[in-house]
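All remarks here apply to the structure that follows.
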Amino acid sequence: MLKIEKLVAGYGKVRVLQEVSITVPKGQLVTLIGSNGAGKTTTLRAISGMLKPESGTVMLAGADITGMPSHEIAKRGLAHSPEGRRVFSTLSVADNLELGAFTRAIGARPRGEIRQDRERMYEMFPRLAERRAQFAGTLSGGEQQMLAMARALMLNPEVLLLDEPSMGLAPLLVEEVFATIARLKERRVTMLLVEQFAAAALDVADYGYVLENGRVTVSGEAAKLRGDPAVRAAYLGAAH
Amino acid sequence: MLQILAQLIVSGISVGMIYAVIAFGYQLTFATSKTLNFGQGEALMLGSLVGWTVVAYTGYWLMLPVVLAFGLVQGAVVERLGVRQAIKTKSESGWIMATIALGIIFRNLAENIWGRDALKFPSPLPETPIALGGVRVLPMEIAIVVGAIAMMAAVELFNRRSIYGKAVVATANDRDAAGLMGINTGRVITFSYALSSLAAAFAGVLIAPVTSTGAAMGGALGLKAFAVAIIGGLSSGVGVVVGGVILGITENLTGYYISTGYKDVPGLVLLLLVLSFRPAGLFGRATIKKV
Ligand SMILES: Nc1ncnc2c1ncn2[C@@H]1O[C@H](COP(=O)(O)OP(=O)(O)OP(=O)(O)O)[C@@H](O)[C@H]1O
Ligand SMILES: [Mg+2]
């Protein structure tokens with residue numbers, strides 16, 4: 001469904017990604033782990049068009065989307081819940097969700113469908129339902145994180161990129177986020193998940209990639225990576 | 241004595257609303273792109289002169305949609321020619337020079353087409369003042385206040401209610417994130433320039449029946465409205481109305497009690513004060529992200 005090959009990208013003259021190749025098959029959950037500054041966020045940005053790759057290819061559902069502007073890529077069904085939430089702070093929760101469906105809202109689709117999708121999001125995240133009329137900027141960090149995720153889902157994406165959905169959340173909320181991801185997986189949403197909680201990510205994922213200094217160093221079945229001594233030592237910690 | 245004061249205040253309000261509308265236009269482009277059209281005054285002047293030509297054929301009310309459409313196109317042209325490249329290359333000041341240069345070009349163009357003299361603009365409303373509790377008000381002055389508020393309210397309604405308006409607000413909040421929603425943010429910025437020139441052109445045909453029009457009318461208005469925009473806050477609609485009205489009244493008082501020759505001075509002094517007290521942080525307050 002999503003296939004990136006030999007992706008090279010960076011900021012100005014600084015190269016961050018060195019020929020990164022990742023495949024996310026349809027209906028699967030793939031996780032990308034690695035230490036701070038390894039280039040995980042940069043990878044997602046280069047996929048979704050927030051950053052123009054220097055070389056390499058990004059294929060979405062068989063079509064080459066390399067270097068397209070992000071709004072074109074969104075139209076083709078790729079949703080990206082970016083690092084740091086990035087909700088629209090002076091718009092209400094309901095409006096944030098509506099904008100998540102912007103590509104559909106401006107098409108011929110009936111409005112009712114989008115409203116129904118929004119109701120589904122409220123069922124999935126009851127806390128958002130209570131705060132639907134509130135400005136997104138006034139939500140707590142955890143609520144903003146849920147909103148960012150729900151907003152991305154409003155696109156009805158072919159592929160969903162999630163960048164550290166648990167960042168800055170209390171342990172209880174982290175569990176909630178992972179439960180949500182597991183539910184999305186049951187619904188066969190194709191996902192690429194970047195997480196700092198590598199162990200938890202490998203628990204829900206089908207497949208995993210380890211990124212080090214802009215290169216994929218290890219990859220394999222999630223369960224296998226979980227048992228790999230080198231991965232355990234570097235990313236999972238002794239406690240796991 | 242008091243009556244004269246009241247008179248000066250009331251007629252200052254309508255001029256102040258014109259400043260508010262132009263300043264509102266500055267806010268529109270600043271919100272989405274952190275850039276301003278320093279040719280706003282010339283956009284007002286062009287709109288007004290186009291209106292002067294059209295009004296002879298159509299009358300005032302039918303002239304309005306033509307002028308508004310012209311404003312949209314003119315603003316889009318400014319963005320395409322002067323601003324887009326600067327935003328793309330993240331140039332700090334390219335857009336400043338470019339929009340000033342375009343403003344000068346527009347002014348030269350206007351001088352060649354309409355000449356340098358002031359032109360009388362026919363008023364759609366009776367030109368005899370109405371007495372309101374001892375204060376004499378021109379019907380057109382009331383129309384200016386109503387028109388200005390209606391225009392700002394219409395934009396606000398559009399932003400709050402329609403999906404495209406929400407896309408504009410989203411772009412203003414976080415351009416990259418808006419792009420991820422599928423919003424073509426480059427087009428949103430073009431649109432905000434178009435809308436800002438539309439506001440200026442509208443202000444141009446609102447004020448013209450009271451003051452007359454001409455190629456020279458834009459410069460001072462644009463500068464003074466800039467001061468209003470900075471003082472009122474580049475993101476506060478209420479701020480520019482308050483700032484604009486205070487300036488309009490102050491100018492009238494200066495004109496009466498000191499000399500009409502010094503009427504433009506308060507606004508320009510205000511501008512100088514703004515520039516000297518907040519030289520670097522001119523755009524500071526509004527750029528701080530609200531979280
Ligand atoms: N906007 C930027 N400009 C310049 N360099 C950047 C920028 N963003 C990231 N970098 C650099 O690129 C490298 C990779 O950053 P990236 O954000 O992709 O890491 P990450 O794996 O997501 O890390 P984290 O786990 O901390 O989120 C880092 O060395 C970082 O300093
Ligand atoms: Mg990151």
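Protein chains in written order, with our numbering: chain A, 1 to 240; chain B, 241 to 531.
A virtual CB, placed ideally from N, CA and C, is assigned to each residue, including glycine.
Here the structure is a predicted model, which is why all the values come from computation and not from measurement.
| query | result |
| --- | --- |
| Residue 113 of chain A to residue 79 of chain A, Cα distance in whole Å? | 18 Å |
| Counting only C-beta atoms, is residue 167 of chain A closer than 8 Å to chain B at any point? | no |
| Checking 8 Å against the spacing of the C-beta atoms, do residue 92 of chain A and residue 134 of chain A come in under that value? | yes |
| Nearest-angstrom Cα distance between residue 399 of chain B and residue 313 of chain B? | 20 Å |
| Quick check on residue 56 of chain A: does DSSP put it in helix, strand or coil? | strand |
| Would you tell me roughly how many angstroms separate the C-alpha atoms of residue 377 of chain B and residue 248 of chain B, rounded to the nearest one? | 10 Å |
| For the beta strand (DSSP E) that residue 21 of chain A lies in, which residues bound it at each end? | 14-24 |
| So, are the CB atoms of residue 307 of chain B and residue 277 of chain B less than 8 Å apart? | no |
| Got a sec: is the Cβ-Cβ distance from residue 256 of chain B to anything in chain A below 8 Å? | no |
| State the CB to CB distance for the pair residue 31 of chain A and residue 195 of chain A, rounded to an integer number of angstroms; the pair is presumed to be in contact (CB under 8 Å). | 6 Å |
| Do the stretch 263-280 of chain B and the stretch 55-69 of chain A make contact, defined as three or more Cβ pairs closer than 8 Å? | no |
| How about the stretch 269-288 of chain B and the stretch 408-426 of chain B: do they share at least three Cβ pairs that are nearer than 8 Å? | yes |
| I'd like the span of the beta strand (DSSP E) that includes residue 266 of chain B, first residue to last. | Segment 242-273 is the alpha helix (DSSP H) holding residue 266 of chain B; no beta strand (DSSP E) there. |
| Using only Cβ atoms and a threshold of 5 Å, which residues come within that distance of a heavy atom of ligand 1? Order them by chain position. | A/11, A/16, A/36, A/37, A/38, A/39, A/40, A/41, A/42 |
| How is residue 376 of chain B classed by DSSP in three states: helix, strand or coil? | strand |
| What are the boundary residues of the beta strand (DSSP E) that includes residue 221 of chain A? | 215-221 |
| Got a sec: is the Cβ-Cβ distance from residue 417 of chain B to anything in chain A below 8 Å? | yes |
| Taking only beta-carbon atoms, is residue 531 of chain B less than 8 Å away from chain A? | Because residue 531 of chain B sits at a pLDDT of 33, beneath the cut-off of 50, its placement in the model cannot be relied upon, and the point is left open. |
| Residue 197 of chain A and residue 219 of chain A - do their beta-carbons sit closer together than 8 Å? | no |
| Please compile the residues from chain B whose C-beta is within a distance smaller than 8 Å of the C-beta of residue 48 of chain A. | 420 |
| For residue 410 of chain B, which residues in chain A fall below 7 Å Cβ to Cβ? | 88, 91, 99 |
| Between which two residues does the alpha helix (DSSP H) harbouring residue 117 of chain A extend? | 111-124 |
| Consult DSSP for residue 457 of chain B and reduce its assignment to one of helix, strand or coil. | coil |
| Would you call residue 345 of chain B buried or exposed, if buried means 16 or more other Cβ atoms sit within 10 Å of its Cβ? | exposed |
| Please determine whether the Cβ atom of residue 163 of chain A lies at a distance below 7 Å from any heavy atom of ligand 2. | yes |
| Looking at the strands, I want to know which residues DSSP matches up with residue 71 of chain A. | Beta-bridge pairing links residue 71 of chain A to no other residue. |
| Run down chain B in chain order and give the residues with a C-beta less than 7 Å from the C-beta of residue 103 of chain A. | 422 |
| Would you mind telling me which residues of chain B sit closer than 9 Å to residue 106 of chain A, beta carbon to beta carbon, in chain order? | 403, 404, 407, 422 |
| Using three-state DSSP, classify residue 10 of chain A as helix, strand or coil. | strand |
| Is it the case that the stretch 417-433 of chain B contacts the stretch 32-51 of chain A, given that we only count it when at least three CB pairs across the two stretches are under 8 Å? | yes |
| Where does the unbroken alpha helix (DSSP H) through residue 404 of chain B begin, and where does it stop? | 403-413 |
| Any idea which residues DSSP pairs residue 256 of chain A with across the strands? | Because residue 256 of chain A is not part of the residues shown, which for chain A are 1 to 240, the question remains open. |
| The beta strand (DSSP E) spanning residue 95 of chain A covers which residue range? | Element bounds for residue 95 of chain A: not the beta strand (DSSP E) but the alpha helix (DSSP H), 93-100. |
| Taking its Cβ as the centre, do 16 or more other Cβ atoms sit within 10 Å of residue 42 of chain A, making it buried, or is it exposed? | buried |
| Quick one: using the 10 Å Cβ neighbour count with 16 as the cut-off for buried, is residue 397 of chain B buried or exposed? | exposed |
| Around the C-beta of residue 241 of chain B, are 16 or more other C-beta atoms found within 10 angstroms, so that it is buried, or is it exposed? | exposed |
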